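Scroll down for the structure; my scribbles are underneath it.
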Amino acid sequence: MKLRSILATDCGSTTTKAILIEHIDGEYRLAVRGEAPTTVEAPFEDVTKGVLNAVMEVEELAGRKLLDGDKIITPRNGDEGVDVYFSTSSAGGGLQMMVAGVVKGMTGESAERAALGAGSIVMDVLASNDGRKPHEKISRIRQLRPDMILLSGGIDGGTTKHVVELAEILAAANPKPRLGQNFKLPVIYAGNKMAIDKIKDTLGEITDLDITENIRPVLERENLKPSRDKIHDLFMEHVMQQAPGYKKLMSWTDAPIMPTPGAVGALIEMVAEKENISVVGVDIGGATTDIFSVFQKQFNRTVSANLGMSYSICNVLAEAGLKNVLRWVPFDIDEKELTNRIGNKMIRPTTVPQSLEELVIEQAIAREALRLSFIQHKSFAVNLKGVQKERTISDAFEQTESGESLVDMMELDLMVGSGGVLSHAPRRAQSARMLIDSFLPEGITQLAVDSIFMMPQLGVMANIQKEDLAEEARKAAIEVFEKDCLIRLGTCIAPVGAAKSGATVLTAELTLPGGSTETHEIQLGEIVRIEVPYEPVKAKLTPGKGMDIGAGKNETIETTIYGGVVGIILDGRGRPMPISTDPKQRISDLTKWSAAVQEYPEMDKE
Amino acid sequence: MAHAYTPGLKVLHETKIDKERRLPLKGTVTVEKGQTVTPDDIVAKTDLPGNVQMVNVANQLNIDADDVKDAMLAKVGTLVSKGEMIAETKGLFGLFKSNVTAPVDGTIEVISDTTGQVVIREAPIPVEIDAYMTGFIKDVIPEEGVIIESEGVFIQGIFGIGGESRGDLAVIVDSREDEITEDMITTDLAGKIIVGGSFISLSAYKKAIQIKVAGVVVGGFNYYDLEDILGYTLGVAITGSEDLVTSLILTEGYGKIRMGSRTFDLLKEHQGKFASVNGATQIRAGVIRPEIVIPLSKDELKGDHKDVHASEGIQAGSLVRVIRAPYFGRMGKVVDLPSELRKMESETMVRVAIIEIDGENVEIPRANLEMVETD
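Listed in order, the protein sequences are those of chains A and B. 1 is the number of the first residue of the first sequence in my numbering; add one for each residue after it. 607 is the number of the first residue of the second sequence in my numbering; add one for each residue after it.
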């Protein structure tokens, strides 16, 4: 089905964002966007009010009629209305799940991966071997009141005892769902198929039990898709039905409403697949930081529930430690005064940095929130644990175990940042520096930010199942993602290896758009920004002695790279990147690095 | 006229205050509509299901799960006491028997022949809800709770710790700029709600806890001292369940910040009156701020309160407080609300308000202003 006009909304916990995509001159482009406060909570308690307000703004900006009273006009009728309407939602706290598996590191982890991949927040992972006594597990289940539980455990045909024991614990807790007092809690069983009858006996009466394929039919293979799909179905059937106004919203949309992070994940997966690249995406919000990655064609998502820039800003301070935050601050500041300032941001989360000093402090905290979230992500995005690998003689010398991280920064091709602190930084060089300093990309990596956070809406479009819509919606999602969603910051080139102070770590010979050539020699500890727009640049990159930029130690790479709004950043600061513990040296280094990329206004004057 | 929506804290000298008092599970409401109540009156009660203990009888007796039913002495639904034998093997010729005893008092709820587990549920836990403040029962929510209405002073703080508390108000400083120091906390303040000015030191707050002061209302406290009181670093502002004798309510924030003059004057005016306070704070969607309620009797009410519409937002002439550096804690009057975006020192482009502070006009991002809602 040819689509000319697509409307999509994302109902976030505070703001509902609407975008209008139009097919103009043979391509899909973002026409206009609008936003309005979300209306899930009192006094409105109807999500559609916020949706209508956001669409009304789109209507005004687009200059054509999209609404007929309290309804979105679809299908399009001449110049009025849109062909299709889609939506995502994370309002009312998003989808909150509890998962259970027999062995924490195996089926427990697979269940967690399925739930996270579907876009939920995992409140807790119960496992037979998690060290808690049954009554402790029971009181935990009661206290948390999840929206849904995913129960897994055992490979098909294996022992059923442990997974039934978990079911008995659930039954004893007799949990009630968070929303809708009079409903039974949805429970998905995705474990050993031999235990299905016993699970039905134990949980069939007191919960709304749904059975799907085993998440780990054999040790060597995960089968997450059936569980992820089931989670989406139940999210629509149960959770959304209880949320204020969602019944109405669901009747408006042309495809099921997806949980926001599930949609973002779907988009990132699609981009990685289409371009055949490795991607890391990050969304840093007020309360949480979501990280998505695709390495070796495997998708992973993690949510760092209490690493955010406002509601949980003090938790970043607590987890990172004051010293780690301060190492990014290029001036002296009283430590106690700083903690009070951060505390005040937590209790007044909507304030914005007016002074430069406040901005620098916020961006210092952002680096630590991102760094910590990425550590969590790396330890979660791993090969399957518990898998016996066949070994050859050569492997015997290289003792790699199962469960090693899939995240390889040298392999990473594209990093996409989103969330207020990255998307709305006054200078794009600040976003680039925050991404580089916290993720420490190695070799050649493209950097981008999501301009207005439309990845959720594009994600839901990329994931349409309806046959007549799927292909065209997907095409629209990709085109808009490429042309309007991403702001290309540029490319970071960072050599890896041990070098002596003063040594040249990288020589870059660049043929810029227009044909002029430049050669840059980068010393250890130095960072250089070359302003080039998002156009191809021929590059001959020669690493210094003992250094690697992706092709192996001392190996030169000839390739094409791209600039962007920031340009090309040659980062010779080393991996890992040491920061001096001597305050004087630290301040001098930070000031030098900032000036090199024109990060802050005052630094420019020097 | 230009206006902007800026959430504010309420500082009301006379208003109607409704409090919902709701049970965690359905139960019995013990008062009737129209009835007057005092803070300690119980308005509703219920029994929470008892804790559950799981005993793996199969493992303990070293028998198959299938055989557990036969070994059980106590059947489903039986009441058992702690130490009572609940299962026993037949042994060999009546000898070498092994047994399992109940770890707690309770009722046998489940005997599983798959896992060999026995579930014992302990006695229900009674829960009672009190009225919290003086007032009358405006409405009864059948089986769930009540809504209590009162008239009087209502003040919101910005952050608090500790839950509900009550006592007579004692303003122990002369001005809103004064700090509460350790020597000011005297034993006669036990059970009272004490009011200070700009700050309370850690040692003074600790002393207040020691002599069982009911609550502290003050402008500021140091964020890093919270850890000393709570035993952990407060990462997110969701509080109220801390086990503290002395609830703490900050009216302004972290650091030394003088209490807003209206707040201080209002508390001083009601020196000695009985107040209910709650330190519970939740800063997320569905925000909860700590509060001070001073119910007033009919004779004390002046009947001069006006309805305040916070949703109208700030406009020229509104009284606002700056809630972020560089003018943090200062009060001012809105002079103008220009519609175009302005560039701040940080280069952030924002919508601003022009505020008159001490005779000088300054530009402040609207997001950094809080409306002072007074009546």
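Even for Gly, the Cβ is constructed at its ideal location relative to N, Cα and C. Predicted model only: the values in this text are computed from it and were never measured.
Of the residues A:A54, A:A31, A:N300, A:L234, which one's Cα is nearest the Cα of V640 of chain A? Examination of residue 640 of chain A is not possible in this model, given that chain A is present from 1 through 606 alone.
Quick check on S139 of chain A: does DSSP put it in helix, strand or coil? When secondary structure is reduced to three states using DSSP, S139 of chain A falls in the helix class.
Closest by CA to T350 of chain A, which one among A:G281, A:P261, A:L326, A:A287? Out of A:G281, A:P261, A:L326, A:A287, A:A287 has the C-alpha closest to the C-alpha of T350 of chain A.
So within the region 465-507 of chain A, which uninterrupted beta strand (DSSP E) runs reach at least 3 residues, ignoring any that extend past its ends? Within the region 465-507 of chain A, the complete beta strand (DSSP E) runs of at least 3 residues are 486-494.
For M610 of chain A, count neighbouring C-beta atoms within 10 Å of its own C-beta (all shown protein chains included) and say buried if the count is 16 or more, exposed if not. Shown here, chain A extends from 1 to 606; a query on residue 610 of chain A therefore has no answer.
Ranges of the beta strand (DSSP E) found wholly within the region 721-774 of chain B, counting only runs of at least 3: Qualifying beta strand (DSSP E) stretches, in chain order: 723-727, 731-736, 741-747, 751-762, 765-767.
According to DSSP, simplified to helix, strand and coil, what is A318 of chain A? When DSSP states are grouped into helix, strand and coil, A318 of chain A belongs to the helix group.
In chain A, what lies closer than 7 Å to E951 of chain B by C-beta? What E951 of chain B touches in chain A: Q354, S355, L356.
Test item: CB-CB of I231 of chain A and A118 of chain A under 8 Å: A118 of chain A is positioned such that its CB atom lies closer than 8 Å to that of I231 of chain A.
Taking I900 of chain B as the query, report the chain A residues whose CB atoms sit under 7 Å from its CB, ordered along the chain. Within chain A, no residue has its CB atom less than 7 Å from the CB of I900 of chain B, the nearest being about 24 Å off.
Beta carbon proximity, G69 of chain A to chain B, threshold 8 Å: No, G69 of chain A does not count as interfacial toward chain B.
Under 7 Å by beta carbon: chain A residues contacting A693 of chain B: The contacting residues do not exist; A693 of chain B stays about 17 Å from chain A at best.
The region 798-813 of chain B in contact with the region 758-777 of chain B per 3-pair CB rule at 8 Å: Yes, the region 798-813 of chain B touches the region 758-777 of chain B.
Beta-bridge pairing of D450 of chain A - partner residues as DSSP gives them: Partner(s): A:L486.
Nearest to G751 of chain B by CA position, among B:I817, B:A729, B:V637, is which residue? It is B:V637.
Where the region 97-124 of chain A meets chain B: residues whose CB sits under 9 Å from a CB there: Listed by position, the residues of the region 97-124 of chain A near chain B (Cβ gap below 9 Å) amount to none.
Could you pull out every residue in the same chain whose Cβ sits closer than 7 Å to the Cβ of N129 of chain A, ignoring the five residues on either side in sequence? Scanning its chain for C-beta atoms nearer than 7 Å, with the 5 sequence neighbours on each side dropped, one finds around N129 of chain A the residues V103, K104, in chain order.
Amino acids of chain B, ordered along the chain, whose beta-carbon sits closer than 7 Å to that of L435 of chain A: Taking a Cβ-Cβ cut-off of 7 Å, L435 of chain A has no neighbours in chain B, whose nearest Cβ is about 19 Å from it.
Do I549 of chain A and I493 of chain A have their beta-carbon atoms positioned less than 8 Å apart in this structure? Yes, Cβ-Cβ distance for I493 of chain A and I549 of chain A is below 8 Å.
Evaluate R348 of chain A with the Cβ neighbour count: other Cβ atoms within 10 Å of its Cβ, from every protein chain shown; 16 or more gives buried, anything less gives exposed. Its Cβ being crowded by 16 or more others within 10 Å, R348 of chain A is buried.
Identity of the residue in B:D834, B:I844, B:T652 nearest N315 of chain A by Cα: Ranked by Cα distance from N315 of chain A, the options B:D834, B:I844, B:T652 are led by B:I844.
What residue range is occupied by the uninterrupted alpha helix (DSSP H) comprising L578 of chain B? The first residue shown for chain B is 607 and the last is 981, placing residue 578 of chain B beyond what the model contains.
When you check each C-beta in the region 325-344 of chain A against every C-beta of chain B, which residues fall closer than 9 Å? Going along the region 325-344 of chain A in chain order, one finds E335, K336, E337, T339, N340, R341, I342, G343, N344 with a Cβ nearer than 9 Å to chain B.
At a cut of 8 Å, does the region 242-252 of chain A reach the region 32-51 of chain A through at least three beta carbon pairs? Cβ pair count under 8 Å is three or more, so yes.
Below 8 Å, can you find three or more Cβ-Cβ pairs linking the region 553-563 of chain A to the region 533-545 of chain A? Between the region 553-563 of chain A and the region 533-545 of chain A there are three or more inter-stretch CB-CB distances shorter than 8 Å, so the stretches are counted as touching.
Let me make sure I understand the geometry here. Which of B:M955, B:R948, B:A959 has the alpha-carbon closest to that of V926 of chain B? For the set B:M955, B:R948, B:A959, the Cα lying nearest the Cα of V926 of chain B is the one of B:A959.
Cβ of I211 of chain A within 8 Å of any chain B Cβ: Judged by the 8 Å Cβ criterion, I211 of chain A is not in contact with chain B.
Under 8 Å, Cβ to Cβ, is there at least one residue of chain B near V449 of chain A? Closer than 8 Å: no.
Assign G262 of chain A to one of two classes, buried (16 or more other C-beta atoms within 10 Å of its C-beta) or exposed (fewer than that). Result: buried.
For a contact meaning CB atoms closer than 7 Å, what does F765 of chain B contact in chain A? Simply I347.
Can you tell me which of the three DSSP states D672 of chain B falls into? If DSSP states are grouped into helix, strand and coil, D672 of chain B belongs with the helices.
Alpha helix (DSSP H) containing Q376 of chain A: first to last residue? Where Q376 of chain A is concerned, the enclosing alpha helix (DSSP H) stretches over 356-380.
So is M660 of chain B in contact with chain A if we call contact Cβ pairs under 8 Å? Closer than 8 Å to some Cβ of chain A, the Cβ of M660 of chain B qualifies, so yes.
Hey, which unbroken runs of the alpha helix (DSSP H) at 4 residues or more fall wholly within the region 230-282 of chain A? For the region 230-282 of chain A, the full-length alpha helix (DSSP H) segments reaching 4 residues or more read 246-252, 260-275 along the chain.
Rounded C-alpha distance that separates A473 of chain A from L850 of chain B: The straight-line gap from Cα to Cα measures roughly 56 Å.
Please confirm whether K161 of chain A and T720 of chain B have their CB atoms less than 8 Å apart. For the 8 Å CB-CB criterion, K161 of chain A and T720 of chain B form a contact.
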